[in-house]
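Asker: Residue 36 in our numbering is what sits at position 53 of the sequence shown, and the numbering runs on without skipping anything. The structure follows.
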Amino acid sequence: ELYGYTLDPEVYFIAELPVEISLSQIAWILGMTLAICFVATLPPSLRAARLRPVEGLRYE
């Protein structure tokens, strides 16, 4: 099946688990994921931008 999962009705009391995937949900999840990743990378990148290259290489 393209959507939904078939289940054993004797075990789960239902024959299938319906699933509906919409393009708007995929777009929202993708957008939020990118936004969270962007925000999470800001503090380390700003800290690295203020660091002098010599100081960054000193502890390598």
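Ideal Cβ positions, reconstructed from N, Cα and C, are used throughout, including at glycine.
On the DSSP letters alone, give me the boundaries of the alpha helix (DSSP H) that residue -7 sits inside.
Answerer: Its alpha helix (DSSP H) spans residues -8 to -5.
Asker: Output yes or no for whether 8 Å exceeds the beta carbon distance between residue 3 and residue -10.
Answerer: Contact: no.
Asker: How big is the Cα-Cα spacing for residue 6 and residue 20?
Answerer: Whole-angstrom Cα-Cα distance: 21 Å.
Asker: Looking at the structure shown, is residue 25 part of a helix, part of a strand, or coil, going by DSSP?
Answerer: In this structure, residue 25 counts as helix in the three-state DSSP scheme.
Asker: From residue -4 to residue 29, what does the alpha carbon distance come to, in whole angstroms?
Answerer: Residue -4 and residue 29: Cα-Cα distance of roughly 54 Å.
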